[in-house]
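Have a look at the structure below before the remarks.
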Amino acid sequence: MPELPEVETIVRGLAPRLRGRRVIAVQVVAPLVVKTPLDGVAGAEILDLRRHGKNIVFECGAGVLTVHLGMTGKLLLEGQRTPYTRVIFALEDGELLYDDIRQFGRIHWCPELPARLARLGPEPLAITPEEFAARLHSRRGRVKPLLLNQRFLRGLGNIYVDETLFRAGVHPLAIAARLSGKRALALHVAMQQVLRLAIEHRGSSISDYVDASGERGGFQRMHFVYGREGMPCVVCGTPIRRIAVGQRGTHFCPRCQRR
Numbered sequence: 331m332p333e334l335p336e337v338e339t340i341v342r343g344l345a346p347r348l349r350g351r352r353v354i355a356v357q358v359v360a361p362l363v364v365k366t367p368l369d370g371v372a373g374a375e376i377l378d379l380r381r382h383g384k385n386i387v388f389e390c391g392a393g394v395l396t397v398h399l400g401m402t403g404k405l406l407l408e409g410q411r412t413p414y415t416r417v418i419f420a421l422e423d424g425e426l427l428y429d430d431i432r433q434f435g436r437i438h439w440c441p442e443l444p445a446r447l448a449r450l451g452p453e454p455l456a457i458t459p460e461e462f463a464a465r466l467h468s469r470r471g472r473v474k475p476l477l478l479n480q481r482f483l484r485g486l487g488n489i490y491v492d493e494t495l496f497r498a499g500v501h502p503l504a505i506a507a508r509l510s511g512k513r514a515l516a517l518h519v520a521m522q523q524v525l526r527l528a529i530e531h532r533g534s535s536i537s538d539y540v541d542a543s544g545e546r547g548g549f550q551r552m553h554f555v556y557g558r559e560g561m562p563c564v565v566c567g568t569p570i571r572r573i574a575v576g577q578r579g580t581h582f583c584p585r586c587q588r589r
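The opening residue of the sequence shown carries number 331 in this note's numbering; numbering runs sequentially from there.
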């Protein structure tokens, strides 16, 4: 699933090319991904684009179009139509295509930002160390499921939580409220460093992810733990382990991330 860095990369690629352009027509090829009628989109001018967690938000004069890419969704500008093209947004001078092999994505058209998105947690790149520590210490449960909870922070997923925990030296099964202030600060620093570096390298292309021009990201080559089960830790050489935490595959170094 595209996470914060991948969605941010897509938005940065689309925004300067779509601002001020008008949607002429919308063709829904596969209704499964369209969760609300898109009647108001045709004729709307795209005023701005932004990321809200893992969601792409199109600010239009008449409303807000939100796109969640699910597991395999893609937004491609001037791309080629494929058997997996689910929605076609015809522009004045081109097309914006929504492709999705597994059709787990979600497209909504609303008068304003939906309440379900407004209720999401703060942005990981905007939250202060103090606010992060306070939220961390006020919650029960283990740290990895908490970081994956979009009500706690919006935009993090399995890849970047694993990479963050490793860089902070925090075990994924650690109890969030019991982390020391020093550990909480290390987690905040690692989280923001990982996300900024991943954005700089245009996200992680492990399977389906490409940017709005169809180009793959490069951060997968910089993963320290994610997808490296059995391989030596880049710091200590201990084989990376993979366990299930909250039904999610979780990669960590048992030596660098002691409980």
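C-beta atoms are modelled at their ideal positions from N, C-alpha and C, and glycine is treated no differently.
Model, not experiment: these values are computed from the prediction.
As the crow flies, the alpha-carbon of P444 is around 44 Å from that of R585. L503 has its alpha-carbon roughly 46 Å from the corresponding atom of E425.
Here F462 carries a helix assignment [DSSP, helix/strand/coil]. Contact annotation: R481 and L450 have beta-carbon atoms nearer than 8 Å. Per DSSP, the unbroken beta strand (DSSP E) holding E389 starts and ends at 385-390. Bridge partners of I573 according to DSSP: T580. No residue range can be given for F549, since it is assigned to no beta strand (DSSP E) and is classified by DSSP as neither H nor E. A345 and F496 have their C-alpha atoms spaced approximately 33 Å apart. Residue state for L407 is assigned as strand, using DSSP reduced to three classes. Counting the other Cβ atoms within 10 Å of the Cβ of K512 gives fewer than 16, which makes it exposed. Runs of the beta strand (DSSP E) lying entirely within the stretch 416-468 and spanning at least 3 residues, in chain order: 424-430, 436-440. Across the set L377, H398, I437, the C-alpha of H398 shows the shortest separation from the C-alpha of E338. When C-alpha distances from R380 are compared across L368, T396, D369, the shortest belongs to T396.
Taking each of L421, L478, G393, I536 in turn and checking the Cα distance to V356, the smallest one comes out for L421. Per DSSP, reduced to three states, the secondary structure at G511 is helical. Taking a cut-off of 8 Å for Cβ pairs, the stretch 472-486 and the stretch 371-386 touch, as three or more such pairs fall below it. In this structure the stretch 432-443 touches the stretch 352-368; the number of beta carbon pairs closer than 8 Å is three or more.
Proximity of the stretch 513-523 to the stretch 533-553 falls short of the contact definition, fewer than three beta-carbon pairs being nearer than 8 Å.
Counting only residues of its own chain and dropping the five nearest sequence neighbours on each side, I431 has a CB closer than 6 Å to the CB of T402, Y414. Under the three-state reduction of DSSP output, Q357 falls in the strand class. V491 and A542 have their C-alpha atoms some 24 Å from each other. By the Cβ-count criterion, R526 is exposed, with fewer than 16 other Cβ atoms from all chains shown falling within 10 Å of its own Cβ. Apart from the 5 residues on each side of it in sequence, L477 sits with its Cβ closer than 6 Å to the Cβ of L486, V491 in its chain, given in chain order. About 27 Å separates the CB atoms of L455 and D429; that is not less than 8 Å, and the two are not in contact.
For the set E389, E333, P332, the Cα lying nearest the Cα of L348 is the one of E389.
In the DSSP secondary-structure assignment, H382 is bridged to N385. For the pair E336 and G533, the CB atoms are nearer than the 8 Å cut-off.
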